[in-house]
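Residue numbers (the working numbering), protein chains in the order written: chain A, 1 to 377; chain B, 378 to 754. Each residue gets a CB set at the ideal place from its N, CA and C atoms; glycine is no exception. These figures come from a predicted structure and were not determined experimentally. Below: the structure, in structure tokens.
Number of protein chains: 2
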Amino acid sequence: MTFSISRDTLLNNLVIMQKGLPNRTPLPILTTIKFEVREDHIVLTSSNTDIAIQVLVDEDDLTITKSGVVAISGKYLIDIVRKVDSKRIEFSLIEDRIIVIKADRSEFKLRLMDANDYPEIDFLDGTTEPLTIDADLLKNIIRETSYAAAISEKRPILTGVNFKYNENKLYAVATDSYRLSQKELKLRSKSDNFDIVIPSKSLDELSKILDTATSDVHLYVSPNKVLFKIDNILFQTRLLEGAYPNTVRIIPTEFPVVIPFNKEILLSAVERVSLLSPKDKDTNYNIIKLKLNSNHSVEIHSTNSEIGDANEVVSPSADVTGSVINIAFSSRYLVEALKSFNSPEIVINFAGEVKPFVIKGTEDENLLHLILPVRID
Amino acid sequence: MTFSISRDTLLNNLVIMQKGLPNRTPLPILTTIKFEVREDHIVLTSSNTDIAIQVLVDEDDLTITKSGVVAISGKYLIDIVRKVDSKRIEFSLIEDRIIVIKADRSEFKLRLMDANDYPEIDFLDGTTEPLTIDADLLKNIIRETSYAAAISEKRPILTGVNFKYNENKLYAVATDSYRLSQKELKLRSKSDNFDIVIPSKSLDELSKILDTATSDVHLYVSPNKVLFKIDNILFQTRLLEGAYPNTVRIIPTEFPVVIPFNKEILLSAVERVSLLSPKDKDTNYNIIKLKLNSNHSVEIHSTNSEIGDANEVVSPSADVTGSVINIAFSSRYLVEALKSFNSPEIVINFAGEVKPFVIKGTEDENLLHLILPVRID
């Protein structure tokens, strides 16, 4: 097996493969990247328990002299290619299990694992009609929802994002049971309907790969996995098993109090107030209070018996609906929600002091964020 | 006690005070910054077991309405001032132990500790003749030596940098007993001779403060502490007790092999080779080998039975003195040493395969770095 390739082309592809390498694994072979070097292209594969990635490399700057299949340590290979400053890198198998990597005056000999031990990855064959979606749009949906998924594994299904496709409408919902983010949009794709839960960790890795996309993404769905086709990249992830909770019924529909804010002004006031706020004992997040006074001024407040108090007066950015309200919640949830909106202006809709409140952005169509209040003593 | 001050002036001074706050302390009062508000100025004090800092604030943008002395939580105060975006901040004591901090529409009430509990700091009175030194020069000396001091407390004296002043000559030496860095320079100051060991941690904090210096630094030395006067700042640190080892005798004086290198080329070759190199069991650092061949080519090499080998050929940047040598050492020591030099060209002087080698920079006058080799099996 002998080939040479431009350092930059190889590095760009390895950075994608890296997303498929496991952090820790009982199966040492999974710490490698599988190189299937064929006559005129190379197929790279990496995988862990959640994700499998395959890239077809057939760039013009690839020169293959002899084909073969090897499994090279992912970590060491990526470290080396990153640090090398030559234009081209040459790979050649000198013994059954040693590969020589040459780059200008650097020479590395890496011991290999047996490529025959690499597990066969069963990528979906893509015969069904895919859902086609713009790469930036998909990246945006992930950004708007994935952060609201649960981190704790108490209810595993909540560590994923629920994607539903029904009659040209795509819904994406994530919740950790304290807050929820929901996005809804129309697509012109002709895919079959589906209702799946994708691990949010997988989506975060996918999101980084989407940056390099130059064309639309195709989604192929099966009962237990989903395949994303992005240019010459296959990105497949397992799905979470079980039924995703019906979140529609927890979203209030009537809002007696509606307050519009400038997002940045509200965000910095909330961040200042939470500097002193006490931690909620369940979530360890800082609890703050928001109060709409009868004169329609808004105060954001925190009290900490040991340290002190913080109080901010924030003016609504336009007319307020409703009279007074006094509600307490985790400042982190509001901060993260505000940051997920693109709009400079947002609106908070209150259903009552012990009911979830809903945030919408004036320019973020069909994005809805919900936060559960905590009880004020 | 009532005063107001520009937010930027206060923050700049608080950032200096922060260097004196302890990471952890059994004495809660030390987590505060002491504010002594006088008729026309404020004296700020912070201190921990090593360092004490005092700053005199008398900028034009300070308006004092009522004097007084308070001790305000350093962490919370700095967090608040950093996050506030108003131009001015107003402080007023409303009860014996509560201070109100107002900035535009933000209001913070902080509980105070009793300022009477703040320990009296005995700053050197500065009656002796100080050593005067340019702030950038002092910063440079710290940068060139402090990193070579020991981190481990096995031999506490080695966690400091030895500063000796003798007949207008200043020597600074640091060593962790595996490598050593030494700087020597002439000063025109008339101070008494001294021989002190300053904790390297204190020097690292001092170094950050030196960035703001607008004039020369004055050093006042006593048997157990040293005071640095920088503009309106007093920075005092305890000294390490005990005799610093005589390092002169371990520096070889005869070098049969001398190899000049381009610093950046050598550095990147060493960094690449150490990607695969095995760890030294004592220091946990990567061991690499440097070999001068009879044809005067230099090879840098590492072997790792599990992972593989790395080899780099580096051309000396000018004529080599001596014939062959083959020496092993910790790559991290060489990397850190090379980074401390300003010169683009450096010279490595070898005294023998089991003797320390010495690095000098062609443009770094009177800076010497020494590294102990490890035995090659």
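- DSSP places D309 of chain A inside the beta strand (DSSP E), whose first and last residues are G308 to V314.
- Interface flag for S106 of chain A against chain B is set, since a Cβ pair is found closer than 7 Å.
- Between V650 of chain B and S679 of chain B, the C-beta spacing is below 7 Å.
- The C-beta of K34 of chain A comes no closer than 7 Å to any C-beta of chain B.
- In the three-state reduction of the DSSP assignment, N670 of chain B falls in the coil class.
- In chain order, K656, S707, S708, R709 and Y710 place their CB closer than 8 Å to the CB of Y662 of chain B, counting only its own chain and leaving out the 5 sequence neighbours on each side.
- CA-to-CA, the gap between G445 of chain B and T614 of chain B works out to about 27 Å.
- A check of alpha carbon separations from R626 of chain B across B:S523, B:L557 and B:N389 identifies B:L557 as the nearest.
- A direct Cα-to-Cα measurement between F255 of chain A and L368 of chain A gives close to 14 Å.
- As computed with DSSP, F632 of chain B is found in no beta bridge at all.
- At a cut-off of 7 Å between beta-carbon atoms, E312 of chain A makes contact with chain B.
- Per the DSSP secondary-structure output, Q559 of chain B pairs in a beta bridge with B:V550 and B:L745.
- Between L210 of chain A and K291 of chain A, the C-beta spacing is not below 7 Å.
- At least one CB atom of chain B sits nearer than 7 Å to the CB of K109 of chain A.
- When CB distances to chain B are screened at a threshold of 8 Å, the residues of the segment 75-109 of chain A falling below it are Y76, D79, I80, K83, V84, D85, I98, R105, S106, E107, F108 and K109, in chain order.
- L749 of chain B places its beta carbon 7 Å or farther from that of L604 of chain B.
- Between the segment 127-137 of chain A and the segment 182-191 of chain A, the count of C-beta pairs closer than 8 Å reaches three or more; the two stretches touch.
- Within the same chain, Cβ atoms closer than 7 Å to the Cβ of L56 of chain A are found at H41, V43 and N232, the five residues on either side in sequence being excluded.
- DSSP assignment within the segment 89-145 of chain A yields the following whole beta strand (DSSP E) runs of 3 residues or more, N-terminal first: 98-103, 106-111 and 131-133.
- Beta-carbon to beta-carbon, Y453 of chain B and I307 of chain A are separated by about 6 Å, close enough to satisfy the 8 Å threshold.
- Listed as beta-bridge partners of G160 of chain A by DSSP are A:P199.
- For the pair of segments examined, the segment 534-545 of chain B was found not to touch the segment 723-735 of chain B: the number of CB pairs separated by less than 8 Å stays below three.
- Taking a contact to require three or more Cβ pairs closer than 8 Å, the segment 681-699 of chain B and the segment 103-115 of chain A qualify as touching.
- R615 of chain B sits in a strand when the DSSP states are folded into three classes.
- Beta-bridge partners assigned by DSSP to I664 of chain B: B:S707.
- Put simply, of A:D61, A:I101 and A:I288 the residue whose alpha carbon is nearest the alpha carbon of K83 of chain A is A:I101.
- For T9 of chain A, the enclosing alpha helix (DSSP H) covers residues R7 to Q18.
- If you check each beta-carbon in the segment 307-332 of chain A against every beta-carbon of chain B, the ones closer than 9 Å belong to I307, G308, D309, A310, N311, E312, V313, V314 and S315.
- Taking each of A:S297, A:I80 and A:V324 in turn and checking the Cα distance to V314 of chain A, the smallest one comes out for A:S297.
- In the three-state reduction of the DSSP assignment, Y597 of chain B falls in the strand class.
- By the criterion of a C-beta distance shorter than 7 Å, E521 of chain B is surrounded in its chain by S558, K560, S717 and L744, once the five residues flanking it on both sides are discounted.
- Across the segment 265-280 of chain A, CB contacts with chain B closer than 9 Å involve S268, A269, E271, R272, V273, L275 and L276, in sequence order along the chain.
- Looking only at B:L439, B:D499, B:M394 and B:S599, the smallest Cα-Cα distance to S450 of chain B is reached by B:M394.
- Contact of S450 of chain B with chain A by beta-carbon distance below 8 Å involves I307.
- The beta carbon of S599 of chain B sits closer than 6 Å to those of L501, all from its chain and outside the five residues before and after it, given in chain order.
- K606 of chain B sits in a strand when the DSSP states are folded into three classes.
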